[in-house]
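Please read the structure below before turning to the comments.
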Amino acid sequence: MIPKTMQAVVYRGPRDLRVETVPVPQIQAGELLVKVAVCGVCPTDIKKIHYGTVPPPRVFGHETAGTIVRMGRGVEGFEVGDRVALHHHVPCCSCHFCRHHAFAQCEQYKRTGITAGFEPAGGGYAEYVRVMPFVLPGVVKIPRGNSFEEGAMLEPVNTVLKGVERLNLLPGDVVMVAGQGPIGLMFTRLLALRGVHVLATDLFDSRLSLSQSMGARWVLKPEPDGGNLPSAVQRMTDGRGLDAAVIAVPLDTVVNQAQKLIRGGGQVLLFSHTKRGDASLTDLAAVCVDEKDLIGSYSADFLLQKKVARLVFSRKLDVRALITHRFFLDQTAEAVDLANRPSADSLKVVVTQQAAETSI
Ligand SMILES: [Zn+2]
Ligand SMILES: [Zn+2]
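For the sequence shown, this note's numbering assigns the number 12 to the initial residue and increments by one for each residue that follows.
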């Protein structure tokens, strides 16, 4: 029996998340109702919650996995009871932007197709979500033997693989991944799987040992001014410089140093600079004369969905090691706080609605 009302964590204003009783969403033809099992806490949601960049009320949470409990007329390929991972936006695949593979700029992609009520915003911090027809291509079945938590990681892994695909790399290249939080660790693993030698940097020793188990060839704790990096990079690359640097920390000083550490024709990939409005000074001659590309990557690539599912569900990228903290739905505000203030022992934080689902 599906109840008429449910618990949802409603965003009511900056830093104001409230557990409220709201109606279970109604679905129409072509839609799904999914009972949420797990939802990851994502930095982009934290930004919206803390800075109030979008108007309330909304129910956030977009790294969602759960079980289909009701289907609208005309839905094919799924059954009630299927365990699924969701993607909250899906590109149209036919507009000008999509033809240029710039899915994150597509108008349809900018619409969120999953909601627990109010303005659609993902809805994963609620008991049930409504999945609209235009995001059905983003619904992925979770194989028996894999957990909901693994399913909830498909979206963040996709964003990382998209970033990796933006780099022009050859096996044996040397890439620095600055920052070994959950995102940086996924970069380390995916690059290592491609035969790239990864130099992983972070201020927490506990993370660096995980970087090694994810395949980093070298790990380094940067001195406060990054003073120990140039000589290390010189040694690792026979004086040539890094082929690329991935910046998975939102620090401008790290970008500037990375630009110096890469070789001519190399790339600096920005992944964490999502806060607008900060002007930053950079030596543009490094881009023009030294052909050092400064590039960015944001959000997921629809075309990578199958590849990502294979990587995660086969455990070639074993995301289970990345999930360190689990909170129940009524503790979502605490989950967001912890994810916002990472500590030595915290990586990915998830909101779970299951008694204990660490593995199946
Ligand atoms: Zn996310
Ligand atoms: Zn499009």
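For each residue, glycine too, the CB sits at the ideal point set by N, CA and C.
> To the nearest angstrom, how far is it from the Cα of residue 343 to the Cα of residue 362?
Replying inline: 6 Å
> To the nearest whole angstrom, what separates the beta carbons of residue 82 and residue 43, a pair I think is in contact under 8 Å?
Replying inline: 6 Å
>> Quick check: the stretch 343-352 against the stretch 47-55, are at least 3 beta-carbon pairs closer than 8 Å?
In response: yes
> Quick one: what's residue 50 bridged to in DSSP?
Replying inline: 75 and 362
> Identify the residues that DSSP records as bridge partners of residue 190: which are they?
Replying inline: Note: residue 190 sits in no beta bridge, so no partner.
>> My assumption, with CB atoms under 8 Å, is that residue 192 sits in contact with residue 259. Please give the rounded CB distance.
In response: 7 Å
>> Looking at residue 168: is its Cβ nearer than 8 Å to the Cβ of residue 184?
In response: no
> DSSP three-state call for residue 210: helix, strand or coil?
Replying inline: strand
> With distances taken from CA atoms, which of 273, 303, 22 and 263 is nearest residue 291?
Replying inline: 263
>> Could you check if residue 55 belongs to the surroundings of ligand 1, using beta carbon to heavy atom distance under 7 Å?
In response: yes
> Sorted by chain position, which residues of the same chain lie with C-beta nearer than 6 Å to residue 314's C-beta, five sequence neighbours on each side aside?
Replying inline: none
> Should residue 167 be listed as close to ligand 1, given that the test is whether its C-beta is under 7 Å from any heavy atom?
Replying inline: yes
>> If distances are taken between C-alpha atoms only, which option among 197, 87 and 165 comes closest to residue 375?
In response: Residue 375 cannot be examined here, being either before or after the span of the chain that is shown, 12 to 371.
> Taking just the CA atoms, how far does residue 243 sit from residue 163?
Replying inline: 37 Å
> Fully enclosed by the stretch 301-330, which alpha helix (DSSP H) runs are 4 residues long or longer?
Replying inline: 316-324
>> Buried or exposed for residue 136, going by 16 or more other Cβ atoms inside 10 Å?
In response: buried
> What are the residues that DSSP puts in a beta bridge with residue 34?
Replying inline: 16
> Rounded to a whole number of angstroms, what is the C-alpha to C-alpha distance between residue 211 and residue 159?
Replying inline: 29 Å
> What residues in its chain sit with their C-beta under 7 Å from that of residue 247, if we drop five residues either side in the sequence?
Replying inline: 185, 210 and 229
> Which residue comes first and which comes last in the beta strand (DSSP E) that contains residue 279?
Replying inline: 273-281
> In chain order, what residues of the same chain have a beta carbon less than 8 Å from the beta carbon of residue 293, not counting five sequence neighbours either side?
Replying inline: 266, 267, 270 and 305
>> Assess contact between the stretch 146-157 and the stretch 93-111, defined as three or more Cβ pairs (one per stretch) separated by less than 8 Å. Is contact present?
In response: yes
> Can you list, in chain order, every residue whose CB sits closer than 5 Å to a heavy atom of ligand 2?
Replying inline: 102, 103, 106, 109 and 117
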